[in-house]
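Residue numbers for the sequence shown follow the working numbering, so the first one is 27 and each next one is one higher.
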Amino acid sequence: MNAIVYPVTEPDLRGREKQYVNEALDEGWISSNGRFIARFEREFASFCGTRHAISCCNGTVALHLILAALGLGPGDEVLVPSFTYIASANAIAYTGATPVLVDSSLRDWTVDPEHLQEALTPATRALIAVHLYGRPCNMRILAAFAARHGLLLIEDSAEAHGAKVDGRSVGGLGLASAFSFYGNKIITTGEGGMVTTDDDALAARLRLLKGQGMDPDRRYWFGVMGYNYRMTNLAAAIGCAQLERVQELLEIRCRIASWYIKHLQPSADRLGITWLLDTPAVHQVHWLFSLRVPQECRDRLMQCLLDQGIDSRPFFTPLHVMPVYAHARHHGNRPLQSALELGQTGLSLPTYTRLTEEDVSWIVQRILAFLEAS
Ligand SMILES: *Cc1c(COP(=O)(O)O)cnc(C)c1O
């Protein structure tokens with residue numbers, strides 16, 4: 027196998043990351059106290075337009091904190107798309123609640139509102155809207171559905187920092203939202219996560235639970251069982267530097283996507299290549315540039331690209347075929363057919379700030395050459 031010339035992602039740490047981490051080291055604040063934590067939370071809340079942002083140690087934990095703070099547990103059912111990253115469902119299972127897997131839509135790759143109704147039971151308490159691959163869910167419809175059935179609407183925004191619906195950022199479109207700052211996400215802190223919410227009481231509960239349940243007014247007094255889910259000041263220092271450049275980073279990703287589209291467009295219809303575009307209401311972000319190709323070609327295309335030094339990622343395999351969730355309950359007259367189809371036809375291409383238009387053009391030429399010949 028050739029060496030990888032084009033990875034799928036790499037972090038861009040060319041801002042003040044080093045400076046801020048060194049400041050934290052020099053000042054001796056390396057654990058979960060320190061000025062960068064409060065600053066990162068304040069500035070992230072402002073980025074999302076929410077009243078609160080509560081930092082934590084990764085995105086999975088952010089989801090778990092939300093579900094735990096909302097009191098979900100055994101006997102409760104939570105709707106979640108089958109076509110998502112495993113963490114979305116794991117966080118539900120950690121609380122003892124039951125993930126109920128729902129099909130996705132081929133139109134926008136997110137949970138299909140048309141399949142929610144059939145998944146409802148008297149035990150359904152919440153719905154996790156996963157903004158997958160930077161594409162926000164149809165939040166207008168999901169919010170109306172949640173309101174009609176008394177469900178808690180939670181966002182998994184781990185792949186969609188900065189995406190917008192009707193001009194409002196993800197993170198503030200439900201009761202609470204989880205973000206991830208893993209190394210391959212839109213902005214990173216190495217490992218890290220954040221919960222955003224407008225609800226003051228929920229924010230207080232989230233802070234209580236992430237800090238071992240310690241009473242905020244009485245040190246080392248524990249009224250409830252909590253967790254140590256805190257972010258370090260070192261991670262927050264990186265986060266502050268990343269956030270200073272977040273608009274620039276989002277714009278660069280957007281430009282890279284426009285290069286892919288420009289070079290793919292002329293051959294797309296003929297070769298069966300599709301991708302998602304913004305709509306008047308939905309502004310997506312490009313975590314990765316993701317596209318779909320004919321199912322019979324996808325795996326061979328990825329291998330062919332790899333042989334030429336171009337790494338790519340297949341779309342997530344739906345959770346209902348994963349051994350760990352194969353027995354989870356799911357609904358519908360079909361075996362979550364769209365989720366399966368998405369998982370078998372999609373791939374994500376190199377998307378990181380160092381890429382030039384020549385790089386993108388070269389990658390696209392390799393893709394087109396393969397598909398022309400198949
Ligand atoms: C990355 C991711 C998570 C989990 O984030 P971690 O920081 O890796 O724990 C959750 N949901 C989705 C959709 C993700 O992509």
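The beta-carbon is built from N, C-alpha and C at its ideal position, and this holds for glycine as well.
Report task. Flag Tyr-208 as yes when its Cβ comes closer than 7 Å to any non-hydrogen atom of ligand 1, and as no otherwise. Result -> Here the question's residue 208 lines up with position 182 in the sequence shown. Yes, the Cβ of Tyr-208 comes within 7 Å of a heavy atom of ligand 1.
Query raised in the report: What are the complete alpha helix (DSSP H) segments, minimum 4 residues, inside the stretch 256-321?
Result: 259-270 and 272-297
Report task. Please check the pair Ile-180 and Gly-200, which I expect to be a contact at CB under 8 Å, by giving their CB distance rounded to whole angstroms. Result -> Counting from 1 along the sequence shown, the entry for residue 180 is found at position 154. Counting from 1 along the sequence shown, the entry for residue 200 is found at position 174. About 6 Å; that satisfies the 8 Å criterion.
Query raised in the report: Can you tell me the Cα-Cα spacing of Arg-380 and Cys-163, whole angstroms?
Result: Within the sequence shown, residue 380 is the residue found at index 354, counting from 1. Within the sequence shown, residue 163 is the residue found at index 137, counting from 1. Distance between the alpha carbons of Arg-380 and Cys-163: 29 Å.
Requested in this report: Return the first residue and the last residue of the alpha helix (DSSP H) that Gly-52 is part of.
Outcome: By 1-based counting over the sequence shown, the position of residue 52 is 26. According to the sequence shown, residue 52 is Asp rather than Gly. Per DSSP, Asp-52 belongs to the alpha helix (DSSP H) from 43-53.
Query raised in the report: So, Ala-123 versus Gly-99, is the Cβ gap smaller than 8 Å?
Result: For this step, residue 123 is matched to residue 97 along the sequence shown. For this step, residue 99 is matched to residue 73 along the sequence shown. Closer than 8 Å, so yes.
Report task. Can you tell me the Cβ-Cβ gap for Ile-80 and Leu-260, rounded? I've got them flagged as a contact below 8 Å. Result -> In the sequence shown, counting from the first residue as 1, residue 80 sits at position 54. In the sequence shown, counting from the first residue as 1, residue 260 sits at position 234. Not quite, the Cβ-Cβ distance comes to about 18 Å (not below 8 Å), so this is no contact.
Query raised in the report: Apart from the five residues on each side of it in sequence, which residues of its chain come closer than 7 Å, Cβ to Cβ, to Ala-50?
Result: For the purposes of this step, residue 50 is taken as the residue at position 24 of the sequence shown. So the list reads Ile-56, Gly-60, Phe-62, Asn-259, Leu-260 and Ala-263, once near-sequence residues are dropped.
**Report entry** Whole-Å CB distance - Val-311 paired with Ile-212, under 8 Å assumed
**Finding:** As a first step, residue 311 is located in the sequence shown; it is residue number 285 there, counting from the start. As a first step, residue 212 is located in the sequence shown; it is residue number 186 there, counting from the start. Rounded, the Cβ-Cβ distance is 6 Å, consistent with contact.
Query raised in the report: Tell me which same chain residues have a C-beta within less than 8 Å of the C-beta of Thr-377, skipping the five on either side of it?
Result: By one-based count along the sequence shown, residue 377 stands at place 351. Answer for Thr-377: Val-34, Thr-35, Arg-279, Ile-282, Ala-283, His-312, Trp-313, Leu-314 and Phe-315, listed in chain order.
Query - Three-state secondary structure (DSSP) of Pro-107 - result: In the sequence shown, the residue the question calls residue 107 occupies position 81. Pro-107 falls in the strand class under three-state DSSP.
Report task. Indicate the three-state DSSP secondary structure (helix, strand or coil) for Phe-342 in the structure shown. Result -> As a first step, residue 342 is located in the sequence shown; it is residue number 316 there, counting from the start. Three-state DSSP puts Phe-342 in coil, outside helix and strand.
Report task. May I ask you to list the residues that DSSP assigns as paired with Ala-79? Result -> Counting from one through the sequence shown, the residue named residue 79 turns up at place 53. Its beta-bridge partners are Thr-222.
Requested in this report: Could you check how far apart the C-beta atoms of Leu-153 and Ala-172 are, in whole angstroms? I think they sit under 8 Å.
Outcome: In the sequence shown, counting from the first residue as 1, residue 153 sits at position 127. In the sequence shown, counting from the first residue as 1, residue 172 sits at position 146. That pair is a contact at about 6 Å.
Query raised in the report: Can you round the beta-carbon distance between Thr-305 and Thr-76 to whole angstroms, since I take them to be within the 8 Å contact cut?
Result: Working through the sequence shown from its first residue, we reach residue 305 at position 279. Working through the sequence shown from its first residue, we reach residue 76 at position 50. Not quite, the Cβ-Cβ distance comes to about 24 Å (not below 8 Å), so this is no contact.
Query raised in the report: With contact counted as at least three CB pairs below 8 Å, one residue from each stretch, are the stretch 187-197 and the stretch 226-243 in contact?
Result: no
Query raised in the report: Heavy atom of ligand 1 less than 7 Å from the Cβ of Asp-192, yes or no?
Result: Position 166 of the sequence shown, counted from the first residue, corresponds to residue 192. No, ligand 1 has no heavy atom inside 7 Å of this Cβ.
**Report entry** Cβ-Cβ distance between Phe-342 and Thr-121 below 8 Å
**Finding:** On the sequence shown, residue 342 is found 316 positions in, with the first residue counted as 1. On the sequence shown, residue 121 is found 95 positions in, with the first residue counted as 1. No, these two residues do not count as a Cβ contact at 8 Å.
Query raised in the report: Can you list, in chain order, the residues of its chain whose CB lies under 6 Å from that of Asn-359, leaving out five sequence neighbours each side?
Result: Taking the first residue of the sequence shown as 1, we reach residue 359 at position 333. Since pLDDT at Asn-359 reaches only 46, below the 50 mark, its modelled position is unreliable, and the value read off the structure follows with that caveat. None.
Query raised in the report: Which whole-angstrom value is the C-beta distance of Met-328 and Pro-320, which I expect to be below 8 Å?
Result: Reading the sequence shown from its first residue, position 302 is the one you call residue 328. Reading the sequence shown from its first residue, position 294 is the one you call residue 320. That pair is no contact at about 13 Å.
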